[in-house]
Amino acid sequence: MNLTELNELLRTIERQAEAAVRDAGTADGLRAAESRLVKGPLADVLKSIKAFAPDQRGAAGQAINTAKNAVKDRFQAALGALRDADVAGERKKTAGFDPTLPPPLSRCGSLHPVTIVQREVERLFTGLGFAVVGGPEMETDYYNFEALNIPEMHPARDTQDTFWLTNGWLLRTHTSPCQVRAMKKWGPPLRVIAPGRCFRYEAVDASHDNTFFQVEGLLIDKHISIAHLIAFMKLLLREVFHREVKVRLRPGYFPFVEPGFEMDMSCEICDGAGCATCRKSGWIEILPCGMVHPNVLRHGNIDPGEYTGFAFGLGLTRLAMMKFGIADIRTLNGGDIRGLVNPETLSGPALA
Ligand code: DAH
């Protein structure tokens, strides 16, 4: 091979490089093509240097090196152009993105399980013509006990120990004080429910807390009987659980009703088998109720000779526990966010 032939060969290699650059669409493709040319034809041509006459070897070597550099430069330039194009493409893709904007709101949190159940009960009863009313959490002895036929030395006070305030008031032990308040305010006939927070001086365990929720219900009209009471109570449980719930009715003593009942429902945590939540009985006391005592009607300025009525005190906290399968009441006031119900599925909290 003489120098002219060598130059001819080198030009061919450069043209091959040019073609490879055109054909390779990616950086990897470019690198592979470059390596093929450098290790293949360029390496071969370098070996052919020995065939040249000694006085031509310098010029031949120089020509080969120049060609090799030209090939390498060509690939480097192509790689650089590809990188620039990538960056420009990214910029274009994110042209509408403003990194200073706050992130989109994600759905987090949910209503508290007790609130969910409270709203269901409210929806049901407002549909039945009941008004939703409230009462103070700080109550007087009169409304919490006296007006409910529980005078000062009555033993029923022992079952409802509470937190007393220095002014002689107390934190209400139940929502029943709303009964006489409502009677006095609106008079008969009357249909009200009063959901709210209640307090007791309790030893806290899986099913007792010092703070919990009830819903009081009161219906007063002419000719109201136990049959009305039972029908409403069953309807209430059916609506909240969206199915027929196993219940039992037994006599229960509450000074402000006569006769008084306890409506229990089969424990949803253990399916009636007996567990810590139901204190191994298989039943949960959920709906104490009864016919309003004549003395209570009198305190509410209602003539018991003319009107009768029923009342109930629904354990809202317990109902939420049953509905969502919450085994420990402390989950509800504990402040652990895992105690919230999944808003998408309305399934129970993540806490056991
Ligand atoms: N207030 C009672 C309690 O907390 C529950 C109760 C029982 C309410 C009977 C009523 C009722 O309205 O009729 O223990």
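Letter 176 of the sequence shown, counting from 1, is numbered 243 in the working numbering, and no numbers are missing. Each residue gets a CB set at the ideal place from its N, CA and C atoms; glycine is no exception.
Let me check understanding here. Comparing Cα to Cα, which of the options lies closest to residue i?
i, options, result
"MET358", "LEU191, PHE379, THR233, ILE369", "PHE379"
"THR240", "VAL282, ARG405, VAL199, GLY392", "VAL282"
"LEU316", "PHE308, ILE293, PRO218", "ILE293"
"GLU329", "PRO371, ASP165, LEU381, VAL307", "LEU381"
"PHE192", "SER348, LEU302, LYS313, MET68", "LEU302"
"TRP290", "TYR374, ILE396, LEU399", "Before going on, a small fix: residue 290 reads as His here, not Trp. Of the candidates TYR374, ILE396, LEU399, the one whose C-alpha sits nearest the C-alpha of HIS290 is TYR374."
"VAL314", "VAL88, MET300, GLY401, PHE323", "MET300"
"SER333", "LEU97, GLU311, PRO318", "GLU311"
"ALA273", "ASP122, ILE396, ASP140", "ILE396"
"VAL200", "ALA249, ASN74, LYS117", "ALA249"
"TRP253", "LEU285, HIS360, PHE391, PHE230", "LEU285"
"TYR210", "ASP90, ARG89, THR242", "THR242"
"VAL307", "ILE287, ALA223, HIS275, ARG190", "ARG190"
"GLY376", "VAL259, ALA110, THR226, ILE183", "VAL259"
"TYR268", "PHE391, THR226, MET220", "THR226"
"THR79", "HIS221, ASP370, VAL112", "VAL112"
"ASP288", "GLY263, ILE336, GLY196, GLU335", "GLY196"
"LEU296", "PRO326, ASP208, VAL271, HIS309", "PRO326"
"VAL408", "ARG385, VAL181, PRO262, LEU304", "VAL181"
"GLY263", "GLY235, GLY202, GLY319, ALA91", "GLY202"
"ASP276", "ASP228, PHE142, LYS114", "ASP228"
For residue i, count neighbouring Cβ atoms within 10 angstroms of its own Cβ and tell me buried if that reaches 16, exposed if not.
i, result
"ALA387", "buried"
"GLN185", "buried"
"ALA148", "exposed"
"LEU321", "According to the sequence as given, residue 321 is Phe; it is not Leu. By the 10 Å Cβ count, PHE321 comes out buried."
"ARG158", "exposed"
"PRO166", "exposed"
"LEU70", "exposed"
"THR233", "exposed"
Specify the secondary structure class of residue i as computed by DSSP and reduced to three states.
i, result
"HIS290", "coil"
"HIS221", "coil"
"HIS275", "strand"
"ALA87", "helix"
"ARG239", "coil"
"ASN74", "helix"
"CYS342", "coil"
"PRO445", "Here the chain covers residues 68 to 419 and nothing more, so residue 445 does not appear."
"ALA419", "In this prediction, ALA419 scores a pLDDT of 49, lower than 50, which makes its location untrustworthy; the coordinate-derived value is nonetheless stated afterwards. If DSSP states are grouped into helix, strand and coil, ALA419 belongs with coil."
"GLU81", "helix"
"ILE336", "coil"
"GLY382", "strand"
"MET389", "helix"
"VAL247", "helix"
"GLY202", "coil"
"MET330", "strand"
"LEU285", "strand"
"GLU352", "strand"
"GLU325", "strand"
"ARG305", "helix"
Could you compute how far the alpha carbon of residue i sits from the alpha carbon of residue j?
i, j, result
"GLU206", "PRO244", "8 angstroms"
"PHE280", "PRO218", "24 angstroms"
"ALA144", "ARG405", "57 angstroms"
"ASP338", "PRO355", "21 angstroms"
"LEU383", "LEU237", "21 angstroms"
"GLN246", "PRO169", "50 angstroms"
"VAL324", "PRO171", "54 angstroms"
"THR93", "HIS179", "55 angstroms"
"PHE164", "GLY156", "14 angstroms"
"ALA419", "ILE351", "Confidence in ALA419 is poor, its pLDDT being 49 and thus under 50, which makes the residue's placement too unreliable to answer from."
"ALA134", "LEU77", "6 angstroms"
"VAL154", "GLY125", "43 angstroms"
"MET389", "LYS160", "52 angstroms"
"PRO108", "ALA152", "30 angstroms"
"GLU213", "ILE393", "35 angstroms"
"ARG82", "PHE119", "24 angstroms"
"GLY367", "LEU257", "12 angstroms"
"ILE116", "ASP140", "23 angstroms"
"ARG103", "PRO121", "29 angstroms"
"ALA223", "ASN362", "16 angstroms"
"HIS309", "MET220", "43 angstroms"
"GLY341", "ASP403", "27 angstroms"
"THR344", "ARG385", "10 angstroms"
"VAL271", "ASN400", "12 angstroms"
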